[in-house]
Amino acid sequence: MCKGQLLLLLLLCAAVSIIASANTNQQDADALRSLMNGWKNVPPRWGKSNNPCGMEWAGILCDENGRVTSLNLFGMGMRGTLSDDIGSLTELRILDLSSNRDLGGPLPAAIGKLVKLEYLVLIGCSFSGPVPSELGNLSQLKFFAVNSNKLTGSIPPSLGKLSSVTWLDLADNQLTGPLPTSRDNGTGLDQLLKAEHFHFNINMLEGSIPDSLFNSNMSLKHILFDRNRFTGQIPASIGVIPKLEILRLNDNGFVGPVPALNNLTKLQVLMLSNNNLSGPIPNLTRMSLLENVDISNNSFDPSNVPTWFSDLQSIMTLTMQSVGLFGQLPQKLFSFPQLQHLVLSDNELNGTLDMGNNISTHLDVVDIQNNKITSVTVYNGFDKNLKLEGNPLCNNSLLSDTNPCMGPQTEAPPQPIPFDVQCAYPFVETIVFRAPSFANVLEYLPDLEKNLSRQLSSCTPNRLGLRPYSNEDAYLNVDIKACPVNQKKFNYSQVLNCFNLTLQTYKPPEMWGPYYVNAHPYPFHDKTSRAVLIGIVTGSVLLVVGLTLVAFYAIRQKKRAQKLVSINDPFASWGSMGEDIGEAPKLKSAKFFALEELKLCTNDFREINAIGAGGYGTVYRGKLPDGQLVAIKRSKEGSMQGGLEFKTEIELLSRVHHKNLVGLVGFCFEKGEKMLVYEFIPNGTLSDALYGMKGIQLDWSRRLKIALDSARGLAYLHDHANPPIIHRDVKSTNILLDEKMTAKVSDFGLSLLVTDSEEGQLCTNVKGTLGYLDPEYYMTQQLTAKSDVYSFGVVLLELIVGKPPIHNNKYIVREVKMALDMEDGTHCGLKDVMDPVLQKMGGLLGFPRFLKLALQCVDEVATGRPSMNSIVREIEAIMQDNGLTVGSMSTSSSFSIESRTMKVGPKLPYSSASTSTSTFDIDSRAFEYSGGFPSSHGSLKP
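Going letter by letter, the sequence shown gives residues -21 to -1, 1 to 921 in mature numbering (1 follows the signal peptide of the UniProt record, and there is no 0).
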């Protein structure tokens, strides 16, 4: 430090010492002592000396003449009233009594004598009665905040004389009457040309807003008039305020058309919701800085989607519920980089909802419930909260039994975010943000915490926590919790110097909007002996814990005695089943569920939770206590086949884990019940998607990705499981599609483990599904992994043809081969058998190679078929060579969900519930094929 800086520092310290030790002016000292006598819970050292300008009177600042210039008692928890003695402090510049909830009574007119006052801050107290007209005498007042009290009466016109005020906050009181203007009263709010903030929200103000209230010479940035009783039309003069950034007029009774606002080019927040506005929807053209728009629940004229939807470059939240919109939404709207929430429910939007392939990464809610959307193109890049309930496409479509169409679910209320700092005496205060631009607070909370930490660094290094929530007034609250460092409590000076943000000394990021601060009560005056307090708390805790432990121990012992056997050995009764199914299952990892647990999560297996039924039994949707959705496959009573499948699936799925295999969560084997609990796969089977049973259309890119996913799952079984596993029942009904349309192979009831000694010569009864059976396996009963390859080849042909393997007594392997044989220029060749959906799409990248691969897989001789690993590599190469993403679905690929009536079968979102094909034992039934096995040119006869 240089000598000049050191000298300046010494001079400043000397000046502070002089000011601190100056003898207090007698008038001011008497006034302070009188005020102190009317208050309880004043700062602990008040009254210890006769000199309020000394260091012991916290919250008092004086000038060199001993005159009090600042009285700041923020968050002290004081009780009492404010007497007329306050008027004696005539040199006062700052009066801040905020966050003293029990400080009330009427505001004394004597405050009007403080003609040098610059900051009057009485936030979060209990002052009542009218706002004194004498406050209009405070000509030097810059900051006037009396919000969050119990003030009544009307706003006095004399406040129009506060020519220096920039912040005028009367919000959250019980004020009535109209807004005063000079045209009607001689003085009025229209004269406050320097004012940047008009905060009058949450009152009972009424009448129309005069057009003379606003003019182009005003400096207003924030107009908060929401949650009042205003009527009449919105004044046209509001559209000429050049610096306006936030306009909140929501929750009033405004009528008539919205005046022209598109000259407000700096506007960031526009809230007009919940009024009786009519006429055309406001024109927001050129307002490119808008971040938060809500004009919901008005009576605007029915209107096509406005063109300015494509101009909102900065938009974060757009809410236009029930405003008469119709037409189709532009793709560009979904690509704006900051967009988070889009709420357009209860309108007449129609056609296809197509969000494009450049969806904002921040977008997490698209609510278009109760419109007339008939189809939706959903891209892999968007899997967040899409709400489509009440649209025609939800009637018997793919989405009818998934979250987008099911509407609000009954869930436990969200729990508050816990603070990540803990201490015995934290200081807590709440910042209330009245007009944030964003919807997802968690995304921006780290920036706020970082900024606040810098502001409070002198008191709370590394000991600060934030917790956001919304209150009943729909504002954003952020609780700040701070812990002292190397001390038991904060002292009052620390609270005053660090946490008093009432004078807007802290500037949050601009998108957080205007705010105010309320401190929570703090135990400055707690005189309880630490030893006594610790003894009381410790004794009470030990007593409660002891009694609780005794009760829990007794209950737990009783339950443990009942369940010990089943928990330790859930298959203790396996041999008593009366089925020839060998030894009990050997588990690697699978959770045992008690029967009562599964009854609870399915509401006692109510029919409403049934999502399908098949030869094995019924599949139910359930919700575990931790919120996980599951599919529970419950065997039929006395099912002979169920025991073997049950054992096989438990043993196999408990030892294999792959993203393209359906995961086994657990099982139940109790009281004669055999149930398997799987992860819930919401989008049903591949067969349902291909055959139009769910109103879905898969484009070519999506079909390639489904083929790749399925191949990867089977390749894992064949080459990476130890020992290898042959699925033995590969088919489109055993390939499920999750919420991201990722394919997962399911249903391992017929699968077999293959040891090294058995590989290539496993002889077994032929089991499988008609249409997918390997002809060589059928003829020789020699099972190899190439049998799965044949079945998978049939699935690949299904992806091309879009029909079941046996359709109208025609076998698709034979039909495809015949179509290729006859393609000589006079026939349409494959066009006669291809899925019409693919023919309409065109541009089938890599189709010839894919067709060749499928035909290699269905070669009648096993040695002519590729391995599953080779199939995976070939499909990857097809996709890569054509610019498609292999690791995850290309964002340019989509699947279109159309509103159509389901014609075949019930809703079967789980493979075991499929009824389109049947799994059977060849030995138990006789089939006759004219012309040989179906891969030949013969036809099928029952």
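For each residue, glycine too, the CB sits at the ideal point set by N, CA and C. Everything numeric in this text was worked out from a predicted model, so none of it was measured.
Residue pairing for ARG446: DSSP places it in a beta bridge opposite ASP458. By the neighbour-count criterion, in which 16 or more other beta carbons inside 10 Å mark a residue as buried, PHE531 falls on the exposed side. C-alpha of ALA215 to C-alpha of ASN196: approximately 15 Å in a straight line.
Contact between LEU120 and VAL144 holds: their C-beta atoms lie close to 5 Å from each other, under 8 Å. The DSSP-derived three-state label of ASN430 is helix. Remark: C-beta atoms of TYR495 and ALA8 do not approach each other more closely than 8 Å.
About 6 Å separates the Cβ atoms of GLU408 and HIS499, confirming a contact at the 8 Å cut-off.
In this structure, SER78 and GLY17 do not form a Cβ contact; the two beta carbons are roughly 18 Å apart against a cut-off of 8 Å. For GLN473, the enclosing alpha helix (DSSP H) has its first and last residue at 471 to 478. Comparing alpha-carbon positions, the option among GLY825, VAL780, THR759, SER107 lying closest to LYS810 turns out to be VAL780. Looking at the backbone, the Cα of GLU649 and that of ARG691 are separated by about 35 Å. The C-beta separation of GLN310 from MET334 comes to about 7 Å, placing the pair in contact by the 8 Å criterion. Out of ASN497, PRO236, LEU778, TRP146, the CA that lies nearest to the CA of ASN128 is found in ASN497. In this model, PRO238 and PRO261 are separated by some 8 Å (Cα to Cα). GLY84 has PHE106 as its beta-bridge partners, per DSSP.
Distances from the alpha-carbon of PRO447 to those of PRO702, GLU586, PRO415 put PRO415 closest.
Of the candidates ASN456, ILE410, GLN170, ASP583, ILE410 places its Cα closest to the Cα of GLN483.
The continuous beta strand (DSSP E) containing CYS647 extends over residues 643 to 649. Considering only SER770, MET858, LYS819, the residue with the shortest C-alpha distance to ALA841 is SER770. A residue is called buried once 16 or more other Cβ atoms fall within 10 Å of its Cβ, and MET57 is buried on that count.
Annotation: GLN676 is outside any alpha helix (DSSP H); the continuous beta strand (DSSP E) that includes it extends over 675 to 677.
Classified as exposed, PRO221 has fewer than 16 neighbouring CB atoms from the shown chains inside 10 Å of its CB. For the pair of segments examined, the stretch 155 to 171 was found to touch the stretch 133 to 143: the number of CB pairs separated by less than 8 Å reaches three. ASN231 and ASN277 have their alpha carbons spaced roughly 11 Å apart.
In the three-state scheme derived from DSSP, where H, G and I count as helix and E and B as strand, TRP287 is classed as helix. Two segments are said to touch when three or more pairs of C-beta atoms, one from each, lie closer than 8 Å; by this definition the stretch 67 to 76 does not touch the stretch 18 to 31. Taking the Cα positions, PHE204 is about 24 Å away from TYR485. No Cβ-Cβ contact shorter than 8 Å links ASN329 with GLN348. Around the Cβ of VAL464, a 10 Å sphere holds fewer than 16 other Cβ atoms; the residue is exposed. The Cβ-Cβ distance between ARG433 and GLY492 does not fall below 8 Å.
When the alpha-carbon of LEU832 is set against those of LEU687, ASN788, PRO661, GLY108, the nearest one is in LEU687. Short of 8 Å from the beta carbon of LYS245, and not among the five residues preceding or following it, lie these beta carbons of its own chain, in chain order: PRO221, LYS222, LEU223, GLU224, LEU268. By the neighbour-count criterion, in which a residue is buried when 16 or more other Cβ atoms sit within 10 angstroms of its Cβ, ALA461 is buried. Distance check between LEU435 and each of ILE213, PHE417, PRO487, GLN401 places PRO487 closest, using alpha-carbon atoms only.
Between the C-alpha atoms of LYS723 and LYS789 there is a straight-line separation of about 28 Å. Rounded to the nearest angstrom, the gap between the Cα atoms of MET385 and THR60 is 55 Å.
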